[in-house]
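Chemist:
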Amino acid sequence: MSSESAGGAAVIGVVVPVPEPWAQLLVDWRSKVGDPQATLVPPHVTLLPPTEIAAADRPAVAEHLAGVARAHPPFPMHLAGTGTFRPVSDVVFVAVARGIGDCELIAGDVRTGPLDRPLAYPYHPHVTVAHDVATDMLELAYTGLADLSAEFQVDRFTEFEQTPNGAWAIAREYPLTGPPR
C-alpha cells in the first residue's frame, strides 16, 4: 500500500523502531489514554519526521539512507521514565536515557542530501506515548510509565511510508554497519 498521489509523491518517515516486548506495551498505553494514533503509528524514536518526497527521488533517498546506515555502528538504547513538551505541545513521551547522541548523529546525517529539511522544533529523541489527548490522560501516561525501563540494541533504522488511511507501513530497513566508535 502506498500514499503516492497523482503527482507521484509519498510521505515517508525514518525511525528507530522500539522492539517487543516494549512496543506492544507502549501501543497498549497509547490506546489506554485515548490517543487516536495508537494503532496507526508504531512506537519509535523519530530520525526524520513525516516528509513528502517525489516518486522520482525514491532511488536517491534509498541510496542516501543506505549510505547513512553504513556510516553508523549499532548502539545500545535505554528508554527510561517519562517527560512532556507541555505547555509548548500536549505530548507525553518516554525519554531516551542512553542513545541520545547516536540518534542525534544519525538524524543529522539522514536530514542531508535529498532529505535536507528544516525542523519545526529542535531535535529531541523520544518515544511519544500520548499526543493531543485530555489533560487527565496526559497525566495518566506521564505517571503510569514513569518507572518504565527498556534496554535494547539498535542495529537498524526503518523507513516508513504513510498509507492512504494514515497508518505507517515499513518501506525499507537499513542495517547499521559502521565501524565501532
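Counting in our numbering, the sequence shown runs from 866 upward without gaps. Using N, Cα and C, we set each Cβ at its ideal position, and we do this for glycine too. This one's a predicted model, so the numbers in the text were calculated from it and none came from an experiment.
(1) Under 8 angstroms by Cβ, that's how I've got Leu944 and Ala960 pegged, so tell me the actual separation to the nearest angstrom.
(2) Let me know the secondary structure DSSP gives Ala1011 once reduced to three states.
(3) Terminal residues of the continuous beta strand (DSSP E) containing Gly948?
(4) For the beta strand (DSSP E) containing Ala970, list its first residue and its last residue.
(5) Which class does Leu930 belong to by DSSP, given the choice of helix, strand or coil?
(6) How would you call Glu1016, buried or exposed, if buried means at least 16 neighbouring beta carbons within 10 angstroms?
(7) Does the stretch 873-886 touch the stretch 905-913, meaning 3 or more C-beta pairs lie closer than 8 angstroms?
(8) Tell me the rounded alpha-carbon separation between His1054 and Arg935.
(9) Any idea what DSSP makes of Gln1027, helix, strand or coil?
(10) Tell me whether Glu917 sits in a helix, a strand or coil according to DSSP, three-state version.
(11) According to DSSP, is Glu1004 part of a helix, a strand, or is it coil?
(12) DSSP has Glu1038 in a bridge; who is on the other side?
(13) Where does Ala960 fall in DSSP's three states?
(14) According to DSSP, what are the bridge partners of His991?
(15) Helix, strand or coil: which one does DSSP assign to Gln889?
(16) Measuring straight from C-alpha to C-alpha, what distance separates Thr911 and Val879?
Modeler: For this structure:
(1) 7 angstroms
(2) coil
(3) Phe940 to Thr949
(4) A small fix is needed here, since residue 970 is Leu in this sequence, not Ala. Per DSSP, Leu970 belongs to no beta strand (DSSP E); it is in the alpha helix (DSSP H), Ile965 to Val975.
(5) helix
(6) exposed
(7) yes
(8) This structure does not reach residue 1054, given that the chain is present from 866 up to 1046, and the question cannot be answered.
(9) strand
(10) strand
(11) helix
(12) Thr1023
(13) strand
(14) Ala960
(15) helix
(16) 6 angstroms
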